Amino acid sequence: VCDRHFGVGADGLIYILPSNEADFRMRMFNPDGSEAEMCGNGIRCAAKFAFENNLACANPVNVSTLAGIKNIVLKLDGEKVKAATVDMGKPRLERNEIPMVGDEGMVVSEPLMVGDKNILVTCVSMGNPHCITFVDDVENYPVCEIGQIIENHKSFPNRTNAEFVQVLNRQEIRMRVWERGAGETLACGTGACASAVAAVLNDLVERKITVHLNGGDLEIEWSEPGNVFMTGPAVEVYTGELSSEFLNNL
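According to my numbering, the sequence shown is numbered sequentially starting from 2.
Okay, structure coming up:
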């Protein structure tokens, strides 16, 4: 389904399932078939679909994920969802929570051998692992080459997402992302959250910032109590049905 030549084409496939503890349960699979614990952009789209199709009637919407229950406040235009703010929960900062091999403690501006180079990384889990590198010129950075190496680095037993971030000022960053199991994508919600947290930990930005991605902008706030809030659009591109012939050929 995610194949861009022989399928619909997507960065991931989301299932909306019944839940006994939330309005619905979300499962998300990467194009390589691996299951992701959480998808920040995907959960906004799932909440929009569920609300507009009467699968979830309340606002805010509670969604069960492998990373826990997430609360989504929908921004409506009439009966249509235009945007959403997601309470992404508290970032996990200890090395064993990423998880990452090495001594106990947080991973902040720590050298990591990537190929024949040592680069400084900060690691954050938003329910899924993220390895963030700050660069001077993200547009010309070899994201695909370095991202693939970091994703499969021996330091990350579950592999990792890799974010490459250029700080524009204390209120804005520019980010490109290499997603675990998907490669470079236009945007990553959990990656934007992790990058904002990493930038705060390195005293590069304020706690409320705009993250500019190839696919658009996200507003990220790391509140003083500790939770990260992500606000962004949710847009329906098209609808359709998978034919029985297509499914039988899988």
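We put the CB at the ideal spot given by N, CA and C, even for glycine.
What you are looking at is a predicted structure, and each value in this text was computed from that prediction instead of being measured.
Annotated three-state conformation of residue 2 is coil, per DSSP. DSSP places residue 110 in the coil class of the three-state scheme, outside both helix and strand. Straight through space, the alpha carbons of residue 218 and residue 211 are spaced by roughly 7 angstroms. In the structure shown, the three-state DSSP call for residue 149 is helix. Taking the CA atoms as reference points, residue 86 sits about 20 angstroms from residue 125. The beta-carbon separation of residue 206 and residue 172, rounded to 7 angstroms, stays under the 8 angstroms limit for a contact. The continuous stretches of beta strand (DSSP E) do not include residue 45, which lies in the alpha helix (DSSP H) extending over residues 41-53.
DSSP lists 125 and 162 as the bridge partner or partners of residue 131. The shortest CA-to-CA distance from residue 72 to any of 242, 234, 247 and 228 is the one to 228. Within the same chain, 30 come within 6 angstroms of residue 36 by CB-CB distance, once the 5 residues on both sides are set aside. In this structure, the straight-line span from the alpha carbon of residue 165 to that of residue 109 is close to 15 angstroms.
Per DSSP, the continuous beta strand (DSSP E) segment holding residue 229 begins and ends at 229-234.
Within the same chain, and ignoring the five residues on either side of residue 56 in sequence, the residues whose Cβ sits closer than 7 angstroms to its Cβ are 17 and 25.
In the DSSP assignment, residue 192 falls within the alpha helix (DSSP H) that extends over 190-202. Per DSSP, the beta bridge partners of residue 211 are 173 and 220.
In the three-state reduction of the DSSP assignment, residue 105 falls in the coil class. Taking a C-beta distance under 7 angstroms as the contact criterion, residue 231 and residue 156 do not qualify as a contact pair.
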